[in-house]
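Chains as they are written, first to last, in my numbering: chain A, 41 to 489; chain B, 41 to 489. One structure is given here, and the rest of the page talks about it.
Protein chains: 2
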Amino acid sequence: MSTTPILNLNRFDASAPGLDAATLRMVRRREAAFGPNSVLFYKKPIVVASASGAWMTDTDGNRYLDLYNNVPCVGHSNQHVANAICNQSRILSTNTRYLYETIHDYAEKLLATFPNPLRNITFTCTGSEANDLALQIVRACTGGEGIIITENAYHGNTTAVAACSPSAWRTGAPPPANIRRVPAPERFRSADPDPGATFSKNIELAINDFRANGLKPAALLVDTYFTSDGLLDGPAGFLAPAFETARKHGLLVIGDEVQPGFGRTGVMWNFLRHNAIPDLVTLGKPMGNGFPMGGVVVRPDLLDRFTREISYFNTFGGNALAGATGLAVLEELQGRQLVANAAKTGAYLKKRLAELAKQHPCIGDVRGAGLFVGVEFVKTQDKLPQWDGRQPDAAIVTRLVNRLKELGVLIGASGPFANVIRARPPLCLTETEADFFVGKLAQALDETN
Amino acid sequence: MSTTPILNLNRFDASAPGLDAATLRMVRRREAAFGPNSVLFYKKPIVVASASGAWMTDTDGNRYLDLYNNVPCVGHSNQHVANAICNQSRILSTNTRYLYETIHDYAEKLLATFPNPLRNITFTCTGSEANDLALQIVRACTGGEGIIITENAYHGNTTAVAACSPSAWRTGAPPPANIRRVPAPERFRSADPDPGATFSKNIELAINDFRANGLKPAALLVDTYFTSDGLLDGPAGFLAPAFETARKHGLLVIGDEVQPGFGRTGVMWNFLRHNAIPDLVTLGKPMGNGFPMGGVVVRPDLLDRFTREISYFNTFGGNALAGATGLAVLEELQGRQLVANAAKTGAYLKKRLAELAKQHPCIGDVRGAGLFVGVEFVKTQDKLPQWDGRQPDAAIVTRLVNRLKELGVLIGASGPFANVIRARPPLCLTETEADFFVGKLAQALDETN
């Protein structure tokens, strides 16, 4: 199977017993329309009815605290955002080839959250389109083709971006010739005192390997939070040497903020935690709180160079409806100080989880910044001779994820070993809701042990 | 310049004189945020305020009949669609990994408009993503890489799809090795009695050329209306031999219905006019009437083969908000019989334009199906020795497009010579509105002659 661990883990097997007739009928309708691409979450899938704030409700009235979906950053069915969509859809929804105040207000407000020299933006509809456009820009600007990614990276679903996403590679096919993978920095499983230096060194090796094979490298493409490599929140600053190395060799740096961006890690952009500024930053998922939006924030000289060679137009990217929606999301993030809440509530959640870890040796590590927290599970039983307490346990994670769903908590997993539970709730999460999660996790662990 | 003719033609030059201070200020704000990608329509760009039905209104209260935008197929700011977006955004907007009635209702209702064997759909957010996914599917299913396109094709903006769009190729760069271009079928400029047979023969030559170069072909990718090749509405059935030839050699056929689909040509899907069914059909622009939506409708056996090798997931594709929006668009199309209106009002418009052509020798041809009508302009003055009345005149089209805007009509141009005005209004266009356009075009022509 070439699916990402996260999808594998929660993949629904339609033969699972115990489905009621109505749910089974809907599963069959779905399979007829979507075919084998009809993947559902959970062994017993959720028939969803509505969602509000950090909570989803199913058609039986059961409520679930949603720590899974990283799209509704300002809360499910956010009323301020819904009002903006409502109003705009009754007035105008057209493309960016006309002048329209809302679009320009939005672009300026968004760009104001970025440091120099990131002063231009091109809007797209998805994070995949954003990463694809970023690849087009770096290739046009460097004349190179080679892209360096991390071992277990995921950057999206277009042809070019899927080539940069090992989990989307075709089974058995050789890796794309223009891609080199480097191990993601790692703290839990490694005694390396300086993961930043190691990461930087590996990037240099990849560049040398490109050159030895007669391929000109173009860019380092990196999720600054290593989301699908199991999450790595720090140490702060460890990305800077990697960026420097890439640039020393003429590469550009694309910072993929599709997952960590928009305040999730307790700062507006995760790269700010490392004091290392990419040449291009790609945006997606939470940008429209469910409305399809993405974008590439870029150094003006690079966009200028690209635009001289290639004409890029995106029919829906930054249209009036997207502009009004994106603006409302920013207003909510700033007006309700949700980035600060992510930092504060995230720190509280991490503290509570660290306490829980003391009672449960199967929790090997608790890490994260803001409301993007990973809990890594390890085996405590079958101790091998070389056992050091860090043998990954994916099985317990599968059990916990499905049991937590029964207990009213939705959560996913991540990492090369599919053994890291990752919490990424709406940024409006309260301490009471964090307590609810920790309580249910404790209950599930007690049942498991 | 490598921009498409359509963008070149209406590209705004910021140095254009006569802009008022407020508009100029907005242009400068826009340039600061969007950089050189800040392309606007018209020499004096429109500062848009609102839009309704087939009409757009600027901030000075001027109204424009919109024959340009092919996205708002059921009318700008359509109230039924706006209500659906409003309601849904207050209830739920999450991805397709949960069961949700609205999504399944929409998928079934949409698939019911397709003939066998097109029984599965995968949702995306844009036509570009749809064509990109279609390329991934045909490559996985055939093991081939080669794609055959038409001379002046445009299929979208991702890396892989831009490679299939000559107008998006980098200036001076060699054509992509895995692409072969064939001339689009042509009736106005050619005495060919059987353009379908010629098209088919050219496809066979391209396949042979692939093989001679050791490249396995995968698919014929074709806009069934040849939208960026200058429009070709018929003769009905002329696509069938091309499809047969492609399949005889093991290629699959991707029918790009991003522009002609959803009833524009007077039938729900343009390929139905030719009684030739593609193996994959790609959807986009009008699908959500401005909400970013796209999709690939596909033979189940192909999707099955693809899914066994590759895991495809699209975060926003077919989410609850998209489902509710798409469903409302279909309800409007069907409930108000807009496809039949496109056929009827389109025929009326074509008749009126043909009458105008009799008085204006610069109109070389009027063609089209439904509300997708092309008016091809030719030179009447500088008759060369080999002059046959078909010398393209792009200059008059540029003048007409800008003058029509001043007269309250928005329209664009197309074709390899940028000399074809194309009308593609909302499908709710009335005969009175068609008369308005023809009257203003007559006035502009009288002024020009």
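Every residue, glycine too, gets a C-beta built ideally from N, C-alpha and C.
Unbroken alpha helix (DSSP H) run spanning residue i, endpoints
{"i": "T182/B", "result": "G167 to T182"}
{"i": "F27/B", "result": "The structure shown has nothing for residue 27/B, since chain B only spans 41 to 489."}
{"i": "R443/A", "result": "A434 to E446"}
{"i": "Y388/A", "result": "L378 to Q399"}
{"i": "L250/B", "result": "First, the residue type needs correcting, since residue 250/B is Phe and not Leu in the sequence shown. F250/B -> alpha helix (DSSP H) spans P235 to A252."}
{"i": "T162/A", "result": "Premise fails: T162/A lies in the beta strand (DSSP E), N160 to T164, not in any alpha helix (DSSP H)."}
{"i": "M308/A", "result": "Unbroken run through M308/A: none, as it is neither H nor E."}
Cutoff 6 angstroms; reference residue i; Cβ partners in own chain excluding five residues on either side
{"i": "A147/B", "result": "I161"}
{"i": "L132/A", "result": "A360"}
{"i": "I552/B", "result": "Outside the displayed span of chain B (41 to 489) sits residue 552/B, for which this structure offers no information."}
{"i": "S90/A", "result": "T97"}
{"i": "G363/A", "result": "T142, I143 and Y146"}
{"i": "S240/A", "result": "P281, A282 and T285"}
Residue closest to residue i, alpha-carbon to alpha-carbon, out of the options
{"i": "P157/A", "options": "I131/A, S90/A and R339/A", "result": "R339/A"}
{"i": "P233/B", "options": "N171/B, F278/B and T99/B", "result": "F278/B"}
{"i": "L469/A", "options": "M327/A, P332/A and G303/A", "result": "G303/A"}
{"i": "V87/A", "options": "L370/B, T305/B and T142/B", "result": "T142/B"}
{"i": "W209/A", "options": "P235/B, S351/B and Y108/B", "result": "S351/B"}
{"i": "L370/B", "options": "S92/B, G429/B and L150/B", "result": "L150/B"}
{"i": "Q176/A", "options": "R313/B, T164/B, T198/B and N171/B", "result": "T198/B"}
{"i": "R443/B", "options": "P466/B, D486/B, L467/B and N77/B", "result": "D486/B"}
{"i": "P401/B", "options": "C165/B, K384/B and I436/B", "result": "I436/B"}
{"i": "G306/A", "options": "P155/A, P281/A and Y265/A", "result": "Y265/A"}
{"i": "T347/A", "options": "P456/B, N315/B, A152/B and G75/B", "result": "G75/B"}
{"i": "W95/B", "options": "V460/B, P456/B, I461/B and K445/B", "result": "K445/B"}
{"i": "G408/B", "options": "F331/B, N310/B, P332/B and I317/B", "result": "N310/B"}
{"i": "P318/B", "options": "I403/B, L261/B, K84/B and T355/B", "result": "L261/B"}
{"i": "P456/B", "options": "F477/B, D249/B, G236/B and Q431/B", "result": "Q431/B"}
{"i": "L291/A", "options": "L312/A, M308/A and E244/A", "result": "E244/A"}
{"i": "A383/B", "options": "M308/B, T488/B and A203/B", "result": "M308/B"}
Cβ pair residue i, residue j closer than 9 angstroms
{"i": "L271/A", "j": "F412/A", "result": "yes"}
{"i": "Y194/A", "j": "D273/A", "result": "no"}
{"i": "R220/B", "j": "I188/B", "result": "yes"}
{"i": "Y104/B", "j": "G357/B", "result": "no"}
{"i": "V293/B", "j": "A252/B", "result": "no"}
{"i": "T134/B", "j": "F163/B", "result": "no"}
{"i": "D296/A", "j": "N171/A", "result": "yes"}
{"i": "L343/B", "j": "N77/A", "result": "yes"}
{"i": "L378/B", "j": "L467/B", "result": "yes"}
{"i": "V336/B", "j": "A174/B", "result": "yes"}
{"i": "T211/A", "j": "E471/B", "result": "no"}
{"i": "V415/A", "j": "D405/A", "result": "yes"}
{"i": "L59/B", "j": "K84/B", "result": "yes"}
{"i": "G236/A", "j": "P300/A", "result": "no"}
{"i": "T182/A", "j": "P223/A", "result": "no"}
Burial state of residue i (16 or more Cβ within 10 Å)
{"i": "S230/A", "result": "exposed"}
{"i": "A139/A", "result": "Note that residue 139/A is Leu in the sequence shown here, rather than Ala. With 16 or more Cβ atoms within 10 Å of its Cβ, L139/A is classed as buried."}
{"i": "A463/A", "result": "buried"}
{"i": "P57/B", "result": "exposed"}
{"i": "A62/A", "result": "exposed"}
{"i": "N192/A", "result": "buried"}
{"i": "H116/A", "result": "buried"}
{"i": "Q399/A", "result": "exposed"}
{"i": "R65/B", "result": "exposed"}
{"i": "T488/B", "result": "exposed"}
Proximal residues to residue i (C-beta, below 8 angstroms), its chain only, five neighbours per side dropped
{"i": "G479/B", "result": "none"}
{"i": "I46/A", "result": "Residue placement at I46/A cannot be trusted, given a pLDDT of 39 that sits under 50; the coordinates are not used to answer."}
{"i": "A474/A", "result": "T385, Y388, L389 and R392"}
{"i": "G334/A", "result": "F163, T164, C165, T166, G167, S168, E169, A170, V298, T322, L323, G324, M327 and G357"}
For residue i, the first and last residue of its enclosing beta strand (DSSP E)
{"i": "F412/B", "result": "F412 to F417"}
{"i": "S10/B", "result": "No information on residue 10/B is available, as it lies outside the stretch 41 to 489 that chain B covers here."}
{"i": "R103/A", "result": "R103 to D106"}
{"i": "P340/B", "result": "Not the beta strand (DSSP E): P340/B falls in the alpha helix (DSSP H), residues P340 to E349."}
Residue i beta carbon near the ligand ZN (any heavy atom closer than 8 angstroms)
{"i": "L279/B", "result": "No copy of the ligand ZN appears in this structure; indeed no ligand is present at all."}
Same chain, Cβ closer than 7 angstroms to residue i, neighbours up to 5 away in sequence not counted
{"i": "E185/A", "result": "R179, N218, L255, K256 and A258"}
{"i": "V121/B", "result": "V114, N329, T365, A368, V369 and E372"}
{"i": "L396/B", "result": "I403, V478, L481 and A482"}
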